[in-house]
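Structure first, commentary second.
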Amino acid sequence: MNTLSSNLNELDRIIHEPARLLIMTALSVAKSADFLFLQNLTGLTAGNLSGHLSRLEEAGFVNNVKEIVGKRPKTTISLTPAGRQAIESHWQQLETLKKKAGEIGKSQS
Amino acid sequence: MIDPQTARFITRNYPNMQGLVQVPVGTLVTLQSMGMILGWPGFQQGDCTLATITVPLTILFTFLAFRYYRMNFGEVKIGAMMPTILSSALILVCWFVISILDMTLLKNIPVSFTMLGIAVIFLTFPIFSAGWRRYYYVFGALLVISSFLPLLGLYTKLDLFGGSTWMGNIGVGLTLVLGGLLDHWTLVKVLKRSKAE
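Chains as they are written, first to last, in the numbering used here: chain W, 120 to 228; chain C, 360 to 556.
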């Protein structure tokens, strides 16, 4: 049980927040995605998404590239190598936790 | 908000899920074949008059479909394009070789290997989409059945892509149209659900 709670504590809080986990997971299978796509995918408002992306950028997990395409601003977001590694290890940690929780459930029944 | 698994699928397959892109080509193929069968003016074999209007229109609508997705749903870049281009080219070359063999060495076998090749391509769509886009199993199965229909002697396998029936062309055209509309519907449904939650 102790190992389980210590594993839970090891989870990166920045990534583990549901919206940010979704953003990082989506970006992990792509080279990059633009702001509009992430907004559609997450269903967040522009302000909320912007806030989450700023947190991820501060943590060094994503790169935000802003440019003007055809008189319209466009933000392209991609994972940094550190971000890619972080999301991969985060999912591995979640898998381990799931396994351990399953084992505890079995031993108690 | 949608679950991470769905987000992963939609992001990875976003370029393939832009179904409206294939609708103009599918419509062109279907209408062209229907016109041949029903003898619509301007649709006769060798008559290129209508093609000078329909082909540019198809290209225009395809371009507009790409633009629609870019403006309304955004853009995703998926890794290196080279492996995708190479594998698509390899598939096309294989299918072309099969078609040539179908008309030469295999011409006496009453099964359309050309159609079978197309059916196999459509059947791989759900396999490479982690079980999504299952409707392509139905379309693929129908195309497999039509490739074996010459066995019944109703028409020759050459009639599938010409002659009097153009059935193969209509089958492929309708698959592109219906598959495209269903791909689009799936994409929009998932994204709308995300917004609603």
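Glycine residues also receive a C-beta, built at the ideal position from the N, C-alpha and C atoms.
Note that the coordinates shown come from a computational prediction; the quantities given were computed from them, not determined experimentally.
Bridge partners of GLU129/W, per DSSP? Bridge partners of GLU129/W: none, in fact.
Counting C-beta neighbours from all protein chains within 10 Å, is the total for GLU434/C 16 or more, i.e. buried, or is it exposed? buried
Listed from N- to C-terminal order along the chain, which residues in the segment 167 to 179 of chain W have their beta-carbon within a distance smaller than 7 angstroms of any beta-carbon of chain C? none
So which residues of chain W does ARG371/C contact, with C-beta pairs closer than 8 angstroms? Within 8 angstroms Cβ-Cβ: VAL148 and ALA149.
Distance check for LEU397/C and GLN403/C, CA to CA, integer angstroms please. Across the structure, GLN403/C and LEU397/C are spaced so that their CA atoms are roughly 10 angstroms apart.
Quick check: THR195/W and SER151/W, are their CB atoms within less than 8 angstroms of each other? yes
Along the chain, where does the beta strand (DSSP E) containing LYS466/C start, and where does it finish? Premise fails: LYS466/C is in no beta strand (DSSP E) and is neither H nor E.
Do you know offhand how far ALA145/W's Cα is from ALA366/C's? 6 angstroms
Determine, using beta carbons only, whether THR161/W comes closer than 8 angstroms to chain C. yes
Quick one: is ARG492/C near chain W, going by C-beta distance under 8 angstroms? no
Quick one: does MET462/C have its CB under 8 angstroms from some CB of chain W? Residue-level contact by beta carbon fails for MET462/C and chain W, as no gap is shorter than 8 angstroms.
Contact between the segment 478 to 498 of chain C and the segment 512 to 529 of chain C: three or more CB pairs below 8 angstroms? Cβ pair count under 8 angstroms is below three, so no.
Among GLY476/C, ILE418/C and TYR428/C, the one whose alpha carbon lies nearest that of LEU451/C: GLY476/C
State yes or no: is the C-beta of GLY189/W within less than 8 angstroms of the C-beta of LYS554/C? no
Taking Cβ-Cβ distances shorter than 8 angstroms, what residues in chain A pair up with ALA152/W? The displayed structure is made up of protein chains W and C, and chain A is not among them.
With burial defined as no fewer than 16 other Cβ atoms inside 10 Å of the residue's Cβ, what is the status of ASN128/W: buried or exposed? exposed
So, with DSSP's three-state summary, where would you put SER197/W? strand
From ASP406/C, ILE444/C and ARG426/C, residue whose alpha carbon lies closest to that of GLY378/C: ARG426/C
Where do the ends of the beta strand (DSSP E) carrying ILE187/W lie? 181 to 188
Taking beta-carbon pairs under 8 angstroms, can you tell me which members of the segment 373 to 386 of chain C lie near chain W? The segment 373 to 386 of chain C vs chain W, Cβ under 8 angstroms: TYR373.
Taking all protein chains shown into account, decide if LEU419/C is buried (16 or more other Cβ within 10 angstroms of its Cβ) or exposed. exposed
Give the secondary structure of LYS150/W by DSSP, where H, G and I count as helix, E and B as strand, and everything else as coil. coil
Given a threshold of 16 other Cβ atoms within 10 Å of its Cβ, counted over all protein chains shown, does PHE154/W qualify as buried or as exposed? Counting C-beta atoms within 10 angstroms of its own C-beta, PHE154/W has 16 or more neighbours from the protein chains shown and is therefore classed as buried.
Do we get a CB-CB distance below 8 angstroms when we pair THR215/W with the residues of chain C? no
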